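Enquirer: In order, the protein sequences belong to chains A and B.
Take 58 as the starting number for the first sequence in the numbering used here and just add one per residue.
Take 1352 as the starting number for the second sequence in the numbering used here and just add one per residue.
Idealized CB from N, CA, C, for every residue including glycine.
Fair warning: this is a prediction, and the values are worked out from it, not measured in the lab.
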Amino acid sequence: MSKNKMNIKTGIGFRKDFAEEFLTGSVLKPGFVELAPENWMKIGGYWKKKLNQLAKMYPITSHGLSLSVGSPETLDMEFLKNVKQFLKEYNIEIYSEHLSFSKCDNAHLYDLLPIPFREDAVKHVAERIKQVQDFLGRRIAIENVSYYTPVAAEMDEATFVSNVIEEADCNLLLDVNNVYVNSFNHNYDAKSFIEKLPLNRVAYIHMAGHTKVAPDLIIDTHGEAIIDPVYELFEWTLDKVKPVPVLLERDFNIPELAEMQFELNNLEAIMTRKWETENKSIVVSK
Amino acid sequence: MLLKTETYKQQSSIAQYCRDGKEVAILNAKPERLPHYRRLVFNVVKDALETTYPISHKYIDSEVWKEIVFNFFSEHKCKDPQVWRMPFEFYEFCKTKNYDEKYDLPFLNNLLYFEWVEVELYMMEDISLPQFLYSDNWLQKRIAVNPEHKIIKLEYPVHMEKPFDTVNKKGDYFLLLYREKETGRIQFTNLSILFTFLLENIVSAEKTLEEIFNDILYIFGINHLEMLQNESFKFLNDLKTRGFVLGVYKK
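1) Leaving out five residues on either side along the sequence, give the residues of the same chain with a beta carbon under 7 Å from the beta carbon of Lys-343 (chain A).
2) Would DSSP call Val-236 (chain A) helix, strand or coil?
3) According to DSSP, is Pro-171 (chain A) part of a helix, a strand, or is it coil?
4) What do you reckon, are the CB atoms on Thr-206 (chain A) and Arg-1370 (chain B) nearer than 7 Å?
5) Since Leu-1527 (chain B) and Ser-1583 (chain B) should fall inside the 8 Å C-beta cutoff, what is the C-beta to C-beta distance between them, to a whole number of angstroms?
6) If you measure between the beta carbons of Phe-1458 (chain B) and Phe-1441 (chain B), is that distance less than 7 Å?
7) Check Thr-278 (chain A) in the structure and name its three-state DSSP category.
8) Please name the residue in B:Arg-1493, B:Leu-1542 and B:Pro-1405 whose C-alpha comes closest to that of Val-1599 (chain B).
9) Taking C-beta to C-beta, are Pro-171 (chain A) and Thr-1358 (chain B) nearer than 7 Å?
10) Considering only heavy atoms of the ligand SAM, does any lie closer than 6 Å to the CB of Asp-1412 (chain B)?
11) I want to see whether chain B comes within less than 7 Å of Leu-166 (chain A), judged by CB atoms only; does it?
12) Determine contact between the segment 155–170 of chain A and the segment 198–217 of chain A, defined as no fewer than three beta-carbon pairs at a distance below 8 Å.
13) For Thr-206 (chain A), go through chain B and note every residue whose CB falls closer than 9 Å to its CB, in chain order.
14) Compute the distance between the beta-carbons of Ala-183 (chain A) and Glu-224 (chain A), then report whether it is under 7 Å.
15) Can you name the residues that DSSP bridges to Tyr-1600 (chain B)?
16) Taking DSSP as the reference, what is the three-state secondary structure of Phe-1539 (chain B)?
17) Near Ser-59 (chain A), which residues of its chain fall below 6 Å by C-beta distance, leaving aside the five closest residues on each side in sequence?
18) Measure the alpha-carbon distance for Met-1352 (chain B) versus Leu-1378 (chain B) and round it to whole angstroms.
19) DSSP beta-bridge partners for Arg-1530 (chain B)?
20) With DSSP as the reference, label Ser-128 (chain A) as helix, strand or coil.
21) Here's a check: name, in chain order, each residue in its chain whose Cβ is nearer than 6 Å to the Cβ of Ser-1364 (chain B), leaving out the five neighbours to either side.
22) Where does Val-259 (chain A) sit, in a helix, a strand or coil, going by DSSP?
23) Can you list, in chain order, the residues of its chain with a C-beta nearer than 7 Å to that of Asn-139 (chain A)? Leave out the 5 residues immediately preceding and following it.
24) Can you check which of these residues, A:Asn-242, A:Glu-320 and A:Pro-94, is closest to Glu-146 (chain A) by C-alpha distance?
25) For Asp-1516 (chain B), which residues in the same chain have their Cβ closer than 8 Å to its Cβ, ignoring the five residues on either side in sequence?
26) DSSP has Lys-1504 (chain B) in a bridge; who is on the other side?
27) By the 9 Å beta-carbon criterion, what residues does the segment 209–224 of chain A contribute toward chain B?
28) Within the 7 Å Cβ cut-off, does Asp-308 (chain A) reach chain B?
29) Shorter than 7 Å from the beta carbon of Val-1395 (chain B) to some beta carbon of chain A?
30) Please decide whether Gly-121 (chain A) counts as near chain B, where near means a Cβ-Cβ distance under 7 Å.
31) Pick from B:Val-1396, B:Leu-1462 and B:His-1500: whose alpha carbon is nearest that of Glu-1471 (chain B)?
32) How about Leu-321 (chain A) and Pro-87 (chain A): are their beta carbons less than 7 Å apart?
33) Taking a Cβ distance cut-off of 7 Å, strictly less, list which residues of the segment 134–158 of chain A are near chain C, in chain order.
34) Mind reading off the beta-carbon distance from Trp-293 (chain A) to Lys-248 (chain A)? Whole number of angstroms is fine, and I expect it under 8 Å.
35) Contact criterion: CB-CB distance below 7 Å. Does Tyr-245 (chain A) meet it with respect to chain B?
36) For the segment 1570–1589 of chain B and the segment 1472–1482 of chain B, state whether three or more C-beta atom pairs, one from each stretch, are separated by less than 8 Å.
Structure, rendered in structure tokens:
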């Protein structure tokens, strides 16, 4: 896939829920698709055929769930070997993971838990990301995750994220919705947070909707449309980062494909305005 | 390890809380928000199990099912990074814990196994077809079959009847499950013990059909070769029509 072409493209998270309609129809036409390697590697049969069909139609990026860079234990090298093979088989340029842990005491939890924002955790996680990058022979992108409570924090989130990214010498997957969610849940200013991140390392952006479950709590469900304040934060952010691919995540409560295309169009319009029409020089804070 | 023991302990505490829901003290955490993690994590596991085991979930009392799932996730350390494979660990856990006896669900292990095998076959990596020829002369040849299959034995006919209707029907039930190459759909067919023996020998691809027939005559004490051959050819031709029997091996 051409990097230049990818940079201004919007993508969609590929879900089995809408696979058939998506692959056979023409309503939803993203520039690329993203999938979780865990759900697609080492499989065959019907879904392998669909994956192969997908790969012929779209460039693929991958966003992992189970690598668990924040785990206390050693990396699962067998799993990583399978990921490497998968990335090679489908010629996938972008592989990203979450700055969180989903495995502890050798038990998988299949969801993302917050890593303590501590200096030793920075060193530990950065070392693990380096190991992953060495093994894969590529730089990976690490996503700032949404979280609902800090765990034994000794530094603020922006410092933690920045230090890990810098120390690991990896890319940043900037999830703008997660910044919004966290800023609401933990009562901080989203823009100030973004300004503290190593924005020169942003290689990929995620956008999504979320669900407010209490007056003071938003859960990052990927189950609703993107709301205006998140679009505004996205637009503001684009002034500060170089052009990169932008992905729309929609994992639950899947709407008509036309609605997702509408959201992609919105994102693309903002990207075009910010990165092409206005042709501004990008101010990078770090 | 660069991680300090105290940091590890905090991570371990929240992880354990997500698994068993037991109250836990976590430094600087907002206790009222911890249940959201427990709910999110548990729902992933619960949903994956309900998707893999729809019949078990439908027919087993909901409180019992809830308790089994709770016990599994709190006591068992899930090993597989691919969530779709995790339900196999659930089946093994239930077997080890003798839940069939504990909850008076004698069919439980069979039902979970049958449902798991369907998913496993549906998802398993593709296996290339063997090199085969179409031939009318099967007798002196080794028969080639679709390698994406499994022959299993059940004690309760959970593949044919509602689980609780099988309780008094304990016996030996053999079946062949296979994945259709074109559609990826899983098909299954009942097998007699004799045809199970026949198929297992065909699958091992070590003997010609004639050699297998001779073994059957000896082992099953059958005197009528012609009848055996006729019935077997009828059975194998049916499997050929359904795409399971492919032909004969080239070599």
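Expert: Here's the rundown:
1) Along the first sequence, read from residue 1 onward, the residue named residue 343 (chain A) stands at position 286. Note that Lys-343 (chain A) has pLDDT 39, beneath the 50 cutoff, so the model's placement of it is unreliable and no number is given.
2) Locating residue 236 (chain A) in the first sequence gives position 179, counting from the first residue. If DSSP states are grouped into helix, strand and coil, Val-236 (chain A) belongs with the helices.
3) Numbered from its first residue, the first sequence carries residue 171 (chain A) at position 114. DSSP places Pro-171 (chain A) in coil when its eight states are reduced to three.
4) Against the first sequence, residue 206 (chain A) aligns to sequence position 149. Against the second sequence, residue 1370 (chain B) aligns to sequence position 19. Not a contact, by the Cβ cut-off of 7 Å.
5) By one-based count along the second sequence, residue 1527 (chain B) stands at place 176. By one-based count along the second sequence, residue 1583 (chain B) stands at place 232. At roughly 14 Å, the Cβ-Cβ gap does not stay under 8 Å, so Leu-1527 (chain B) and Ser-1583 (chain B) are not in contact.
6) Working through the second sequence from its first residue, we reach residue 1458 (chain B) at position 107. Working through the second sequence from its first residue, we reach residue 1441 (chain B) at position 90. In this structure, Phe-1441 (chain B) does not lie closer than 7 Å to Phe-1458 (chain B) by Cβ.
7) Position 221 of the first sequence, counted from the first residue, corresponds to residue 278 (chain A). Coil at Thr-278 (chain A), not helix or strand.
8) The residue given as residue 1599 (chain B) occupies position 248 in the second sequence. Selected option, being the one with the closest Cα: B:Arg-1493.
9) Counting from 1 along the first sequence, the entry for residue 171 (chain A) is found at position 114. Counting from 1 along the second sequence, the entry for residue 1358 (chain B) is found at position 7. Not in contact: Pro-171 (chain A) and Thr-1358 (chain B) (Cβ atoms no closer than 7 Å).
10) Inclusion of the ligand SAM in the displayed structure is not the case, the ligand content being empty and no account of it being possible.
11) Looking up residue 166 (chain A) in the first sequence gives position 109. Yes, contact with chain B.
12) yes
13) Translated into positions along the first sequence, residue 206 (chain A) becomes position 149. Those within 9 Å of Thr-206 (chain A) in chain B are Ile-1365, Ile-1377, Asn-1379, Ala-1380, Lys-1381, Pro-1382, Glu-1383, Arg-1384, Leu-1385, His-1387 and Tyr-1388.
14) Position 126 of the first sequence, counted from the start, is the residue given in the question as residue 183 (chain A). Position 167 of the first sequence, counted from the start, is the residue given in the question as residue 224 (chain A). In contact: Ala-183 (chain A) and Glu-224 (chain A) (Cβ atoms closer than 7 Å).
15) For this step, residue 1600 (chain B) is matched to residue 249 along the second sequence. Looking at the DSSP assignment, Tyr-1600 (chain B) forms a beta bridge with B:Phe-1483.
16) If you number the second sequence from 1, residue 1539 (chain B) lands on position 188. The answer is strand: DSSP assigns Phe-1539 (chain B) an E or B state.
17) On the first sequence, residue 59 (chain A) is found 2 positions in, with the first residue counted as 1. For Ser-59 (chain A), the predicted structure reports a pLDDT of 38, less than 50, and the residue's modelled location is therefore unreliable. The matter cannot be settled from this model.
18) For the purposes of this step, residue 1352 (chain B) is taken as residue 1 along the second sequence, with counting starting at 1. For the purposes of this step, residue 1378 (chain B) is taken as residue 27 along the second sequence, with counting starting at 1. Each residue's Cα considered, the two are about 21 Å apart.
19) In the second sequence, residue 1530 (chain B) corresponds to position 179, counting from 1. Arg-1530 (chain B) is bridged to B:Ile-1537.
20) For this step, residue 128 (chain A) is matched to residue 71 along the first sequence. Three-state result, Ser-128 (chain A): coil.
21) Residue 1364 (chain B) sits at position 13 when you count from the first residue of the second sequence. The answer, listed in chain order, is Val-1375 and Ile-1377.
22) As a first step, residue 259 (chain A) is located in the first sequence; it is residue number 202 there, counting from the start. Strand at Val-259 (chain A).
23) Counting from one through the first sequence, the residue named residue 139 (chain A) turns up at place 82. These residues qualify, in order along the chain: Met-98 and Lys-99.
24) If you number the first sequence from 1, residue 146 (chain A) lands on position 89. It is A:Pro-94.
25) Taking the second sequence and counting its residues from 1, one reaches residue 1516 (chain B) at position 165. Result list for Asp-1516 (chain B): empty, nothing under 8 Å.
26) Translated into the one-based positions of the second sequence, residue 1504 (chain B) becomes position 153. B:Phe-1525, per the DSSP bridge assignment.
27) Ala-209, Ala-210 and Glu-211
28) Taking the first residue of the first sequence as 1, we reach residue 308 (chain A) at position 251. No, because no Cβ of chain B sits closer than 7 Å to the Cβ of Asp-308 (chain A).
29) Along the second sequence, one-based indexing puts residue 1395 (chain B) at 44. Answer yes: the Cβ-Cβ gap between Val-1395 (chain B) and chain A drops below 7 Å somewhere.
30) Here residue 121 (chain A) is taken as the residue at index 64 of the first sequence, counted from 1. Judged by the 7 Å Cβ criterion, Gly-121 (chain A) is not in contact with chain B.
31) Taking the first residue of the second sequence as position 1, residue 1471 (chain B) is located at position 120. Nearest option by C-alpha distance: B:His-1500.
32) If you number the first sequence from 1, residue 321 (chain A) lands on position 264. If you number the first sequence from 1, residue 87 (chain A) lands on position 30. Their beta carbons are under 7 Å apart, which means Leu-321 (chain A) touches Pro-87 (chain A) by this criterion.
33) Any reference to chain C falls outside this structure, whose protein chains are A and B.
34) Stepping through the first sequence from its first residue, residue 293 (chain A) is reached at position 236. Stepping through the first sequence from its first residue, residue 248 (chain A) is reached at position 191. About 6 Å separates the two Cβ atoms, so the contact holds.
35) For the purposes of this step, residue 245 (chain A) is identified with residue 188 of the first sequence, where counting begins at 1. Judged by the 7 Å Cβ criterion, Tyr-245 (chain A) is not in contact with chain B.
36) no
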